[in-house]
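Engineer: Counted from 1, the sequence shown has number 8 at position 8 by the numbering used here; the numbering is strictly sequential.
Where a beta carbon is used, it is the ideal one built from N, C-alpha and C, also for glycine.
There's a structure below that I have some questions on.
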Amino acid sequence: MEKKLKMPHTYFLLLLIVCVAAVLTYIIPAGEFDRKVVDKQNIVVNGSYHEVAQSPVQPIEIFRAVPQGLIEGAEIIFYIFIVGGAFGVIHRTDAITTGVNSLMNRIGKHGKWLIPITMIIFSILGFSIGLSEETIIFVPIGIALATALGYDAMVGASMIALGAGIGFLGGMINPFTVGIAQKIAEVKLFSGWGFRTVVYLLVLISGIAYVMLYARKVKNDPGKSLLSNINVEARSTMSEDVLNTKFDSFRKRHAMILILLTITIIINVYGIFKYEWFLSQMSANFLLMGIVAGLIGGLGLNGTFDALLEGMKDILFGAIIVGFAKAIVVVLTSGKIIDTIVFYMTDFIDHLPTAFSVIAMFITQLVLNFFIPSGSGQAMTTMPIMVPISDLLGINRQVAVLAFQYGDAISNNIIPTSASLMGLLAVAGIPYSKWLKFVWKISLIWAVICLSSLIVYTYFF
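Structural data, given as structure tokens:
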């Protein structure tokens with residue numbers, strides 16, 4: 001019996017990259033750019049690159065780089081922990097789960113509206129709170145409602161997965177991707193939200209249309225379902241079981257918690273634009289929200305803080321990965337080769353039209369997400385290199401953020417290293433090969449939309 005090929009652990013891959021970075025400090029010439037502060041941004045001075053004394057990283061420093069990365073990324077790491085903890089409390093109260101289940105059951109009675117409304121709801125959760133792994137818990141009811149209306153499991157899973165993915169791609173106020181990338185790029189938090197909203201709407205409309213066209217095709221001819229010969233009986237049984245399940249009723253306390261969540265997000269957004277709040281202020285607001293939500297939800301003090309810690313535990317992977325990713329930058333900086341890499345990369349693409357440089361940024365982020373399937377981790381790894389490259393090429397830093405955001409989000413729907421995607425497909429009983437066959441066309445459409453938007457922003461903003 002052949003052994004199944006398993007992908008190495010993400011942390012191992014990152015540590016391997018740290019080791020490679022350390023080896024490169026012995027090979028690549030050390031060098032530095034001069035920098036100057038312009039409008040509160042630390043800008044690279046074009047033409048100022050010069051070689052300096054070689055500073056190779058010693059083997060023991062490879063492992064020291066990880067705790068150093070955790071220290072340097074502490075503000076972001078603890079922000080992720082606090083937000084994860086706060087949402088852990090809300091999850092324990094069942095406010096979001098009960099609210100969404102109740103709403104989806106109501107929508108299910110009006111078949112033609114099920115797909116667009118469900119996708120809009122999950123996209124809002126995607127661009128506001130970065131909903132990702134949490135989508136898995138909604139898959140059974142999504143499939144149940146879809147199959148009850150004559151569609152297939154692919155429709156049920158895709159309206160949830162792609163809905164959240166669309167919101168993640170829009171990312172207007174997503175603190176885990178856009179927020180972190182903009183902090184590293186030293187641009188105003190959540191700036192460019194208007195442009196992002198336009199792109200989000202284009203992606204949302206195309207995504208809804210794509211799923212609805214497939215759903216109509218399957219309803220008219222079930223034989224055209226990509227899952228027509230796969231586990232039909234099991235899916236039918238699951239559909240019946242879920243539809244017959246009595247979900248907890250949506251109560252007044254659930255509504256109060258969702259209102260509290262909405263108010264917290266609004267206050268944070270207002271504070272960001274009005275008073276230039278950043279991670280520490282947002283963390284404080286989310287922590288307060290979590291405690292109040294727990295008390296409203298009847299968890300009590302002990303239950304609230306138990307849920308807070310449980311939420312932090314659930315987000316542990318995404319939080320600590322920031323430190324491992326930062327360790328790569330620590331080694332490159334300590335070895336004084338990060339500017340050399342920037343210099344030679346810039347020199348290579350400087351002769352290309354600006355549009356091609358932007359496309360190269362996007363493709364780089366798209367590919368790297370396979371190895372670093374974490375938005376925050378990928379931002380910490382790539383943005384310290386992409387930002388100075390954009391400076392030297394005369395490209396707006398916002399473009400570097402957008403290239404990261406779109407490359408990361410689009411590939412999340414495709415890569416087999418994504419825990420949330422593979423978990424969702426496992427629950428739905430959909431083979432990865434079938435999902436890929438379904439999703440590649442819309443992913444290509446989204447890539448065209450995003451690349452076009454990047455070029456538009458580069459030349460007109």
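Excluding five sequence neighbours on each side, which residues of the same chain lie with their C-beta closer than 8 Å to the C-beta of residue 178?
Structural biologist: 171, 172, 190, 196, 401, 405
Engineer: Measure the Cβ-Cβ separation of residue 458 and residue 395 and say whether it is below 8 Å.
Structural biologist: yes
Engineer: Please report the distance separating the alpha-carbon of residue 360 from that of residue 376.
Structural biologist: Between residue 360 and residue 376, the C-alpha separation is close to 21 Å.
Engineer: Per the DSSP calculation, residue 31 is bridged to which residue(s)?
Structural biologist: 51
Engineer: Quick one: using the 10 Å Cβ neighbour count with 16 as the cut-off for buried, is residue 182 buried or exposed?
Structural biologist: buried
Engineer: Starting from the Cα of residue 446, find the closest Cα among 403, 76, 225 and give me that residue.
Structural biologist: Residue 446 has its Cα closest to that of 403, out of 403, 76, 225.
Engineer: Taking the alpha-carbon of residue 253 as reference, which of 296, 263, 218 has the nearest alpha-carbon?
Structural biologist: Nearest C-alpha to residue 253: 296.
Engineer: For the beta strand (DSSP E) containing residue 465, name the first residue and the last one.
Structural biologist: Nothing about residue 465 can be read from this structure; the chain reaches only from 1 to 461.
Engineer: Where does residue 218 sit, in a helix, a strand or coil, going by DSSP?
Structural biologist: helix
Engineer: Using the C-alpha atoms, what's the distance from residue 267 back to residue 274?
Structural biologist: 10 Å
Engineer: On the premise that residue 77 lies in contact with residue 70, defined as a C-beta separation below 8 Å, what is that separation, rounded to the nearest angstrom?
Structural biologist: Going by Cβ atoms, the distance from residue 70 to residue 77 rounds to 7 Å, so yes, they are a contact pair.
Engineer: If we call anything under 8 Å between Cβ atoms a contact, is residue 336 one with residue 32?
Structural biologist: yes
Engineer: May I ask you to verify whether the segment 153-165 touches the segment 424-431, counting CB pairs closer than 8 Å and requiring at least 3?
Structural biologist: yes
Engineer: List the endpoints of the continuous alpha helix (DSSP H) containing residue 439.
Structural biologist: 432-460
Engineer: Of the choices 161, 127, 351, 417, whose alpha-carbon is the least far from that of residue 140?
Structural biologist: Checked all of 161, 127, 351, 417; the closest Cα to residue 140 is 161.
Engineer: Helix, strand or coil: which one does DSSP assign to residue 36?
Structural biologist: strand
Engineer: Reducing DSSP to helix, strand and coil, say where residue 232 ends up.
Structural biologist: Its pLDDT being 45, under 50, residue 232 is placed unreliably by the model, and the measurement read from it follows with that caveat. It is helical.
Engineer: Hey, residue 165 and residue 369: beta-carbon distance below 8 Å or not?
Structural biologist: no
Engineer: Closer than 6 Å by C-beta to residue 81: which residues in its own chain qualify, once you throw out the five before and the five after it? Chain order, please.
Structural biologist: 312, 319
Engineer: Just the C-alpha distance for residue 6 and residue 419, rounded to the nearest angstrom, thanks.
Structural biologist: 13 Å
Engineer: Leaving aside the five residues before and after residue 374 along the sequence, list all residues of the same chain whose C-beta is less than 6 Å from its C-beta, in chain order.
Structural biologist: 318, 321
Engineer: Using a Cβ distance threshold of 8 Å, determine whether the segment 7-27 contacts the segment 38-58, with at least three qualifying pairs required.
Structural biologist: yes
Engineer: Which one of 397, 137, 371 has the shortest CA to CA distance from residue 417?
Structural biologist: 371
Engineer: Would you identify the three-state DSSP class for residue 275, choosing helix, strand or coil?
Structural biologist: helix
Engineer: Under a three-way DSSP split, which group does residue 413 fall into?
Structural biologist: coil
Engineer: Pull up the distance between the alpha-carbon of residue 243 and that of residue 118, whole angstroms please.
Structural biologist: Confidence in residue 243 is poor, its pLDDT being 49 and thus under 50, which makes the residue's placement too unreliable to answer from.
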